[in-house]
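In our numbering, the protein residues as written are 27 to 213.
Report on the structure given below.
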Amino acid sequence: MSFDLVAALRRIKAQRSSCAVSRRADDDLPFVPEQIEAGPELMLDTCVYIDVIQGKVPRSVDDLLGARISNHSSICLAELTHLFGRLDPQHPETPNTLKELRGVIKDDIPAHRLTAPSTRVLGEAGMLAGLTTRLTGRSKEQALLNDAILYLHALERSCVVLTRNLADFDVFHQLVPTGSVLFYRQA
Numbered sequence: 027m028s029f030d031l032v033a034a035l036r037r038i039k040a041q042r043s044s045c046a047v048s049r050r051a052d053d054d055l056p057f058v059p060e061q062i063e064a065g066p067e068l069m070l071d072t073c074v075y076i077d078v079i080q081g082k083v084p085r086s087v088d089d090l091l092g093a094r095i096s097n098h099s100s101i102c103l104a105e106l107t108h109l110f111g112r113l114d115p116q117h118p119e120t121p122n123t124l125k126e127l128r129g130v131i132k133d134d135i136p137a138h139r140l141t142a143p144s145t146r147v148l149g150e151a152g153m154l155a156g157l158t159t160r161l162t163g164r165s166k167e168q169a170l171l172n173d174a175i176l177y178l179h180a181l182e183r184s185c186v187v188l189t190r191n192l193a194d195f196d197v198f199h200q201l202v203p204t205g206s207v208l209f210y211r212q213a
């Protein structure tokens, strides 16, 4: 396993000293269209799984998930399985929530569509998350790191990230515009 730091610094430009970046206006962002067409494969953000379980995805996202191939990142698998340890077993909703999660992991994430990010992605994601933290002033570094991993993992696999996390993924897209993302809002 090796990591080419020089190439990663050239790609991410982690030491750039530009003005602060911020989320763009909705009109400037790529949202899931109402009319769905065939297109590139998707890489799902963790929020998509949660929104599907809760019945909070709009019809256009349901249609998109039916029309395109969905890929799954091990980073999202980790975020989903984190809930098995995180949720309070004494809470009355926990058993049902975990049952739903078991179904998603078992039935909706086929092994041949689940991939892990490369060493290159992990190294560059650390830079991207650090750069985003510095330029935006946000302090949720671990969540940013996971999202940066997902963004660059999708780029590595030539997939479009599907997410409702406008704030973080818009900034990633501004800093590394070679990636692709489609946004949605909960129904």
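The C-beta atom is built at its ideal place from N, Cα and C for all residues, glycine as well.
This structure is a prediction, so every number in the text was calculated from the model and none was measured.
Who are the Cβ neighbours of residue i in its own chain at under 7 angstroms, not counting the five residues just before and after it?
i: residue 113; result: 120, 123 and 124
i: residue 149; result: 29 and 34
i: residue 87; result: 58 and 210
Starting from residue i, follow the beta strand (DSSP E) in both directions and report where the run begins and ends.
i: residue 189; result: 186 to 189
i: residue 68; result: 68 to 70
Using the C-alpha atoms, what's the distance from residue j back to residue i?
i: residue 180; j: residue 206; result: 8 angstroms
i: residue 182; j: residue 139; result: 14 angstroms
i: residue 55; j: residue 105; result: 26 angstroms
i: residue 49; j: residue 192; result: 7 angstroms
i: residue 40; j: residue 196; result: 17 angstroms
i: residue 93; j: residue 65; result: 8 angstroms
i: residue 208; j: residue 188; result: 5 angstroms
i: residue 47; j: residue 142; result: 29 angstroms
Check each candidate in the options and name the one with the smallest Cα separation from residue i.
i: residue 161; options: 36, 80, 42 and 28; result: 42
i: residue 198; options: 185, 136 and 178; result: 178
i: residue 156; options: 144, 77, 174 and 185; result: 174
i: residue 63; options: 202, 95, 49 and 107; result: 95
i: residue 61; options: 187, 89 and 200; result: 89
i: residue 190; options: 67, 164, 76 and 116; result: 76
i: residue 202; options: 167, 82 and 158; result: 158
Quick one: residues in its chain with C-beta nearer than 8 angstroms to the C-beta of residue i, no 5 flanking neighbours on either side, listed in chain order?
i: residue 84; result: 58, 210, 211, 212 and 213
Could you spell out the range, first to last residue, of the alpha helix (DSSP H) harbouring residue i?
i: residue 147; result: 145 to 162
i: residue 181; result: 167 to 182
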